[in-house]
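For reference, the structure discussed in these notes is given below.
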Amino acid sequence: MRMIPCELTLGNGGDVVAMVRLDDDGTLRVPREATYGSFPEGVLACRVMRPEDEAQVRRQLWTEPGA
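Numbering (my numbering), first residue to last: 29 to 95.
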């Protein structure tokens, strides 16, 4: 397991860069919510920022807050 940089597109129209968990089996665990400033926002999309990390992603698993 390691953390990789991803760009998360939020429901308010903003984007944030966050470190997202990539499991050894290639599962990217994308959060359904992210904090923008001090407000929780829903995540609409996730883009892996480095091509070498993208090549290791086999599937995306969207996770609920606190999971």
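Cβ atoms here follow ideal geometry from the backbone N, Cα and C, with glycine treated the same way. As the structure is a prediction and not an experimental result, all values here were calculated from the model.
Asked: So what does DSSP say about PRO59, is it helix, strand or coil?; Found: strand
Asked: Measure from the alpha carbon of CYS34 to the alpha carbon of each residue in GLN84, MET77, VAL85, LEU72, then state which is nearest.; Found: MET77
Asked: Let me check understanding here. Comparing Cα to Cα, which of ASP52, MET31, THR91, ARG30 lies closest to ALA73?; Found: THR91
Asked: What separation, rounded to the nearest whole angstrom, lies between the Cα atoms of VAL85 and GLU61?; Found: 20 Å
Asked: Give the straight-line distance between the Cα atoms of MET29 and PRO93, rounded to the nearest whole angstrom.; Found: 19 Å
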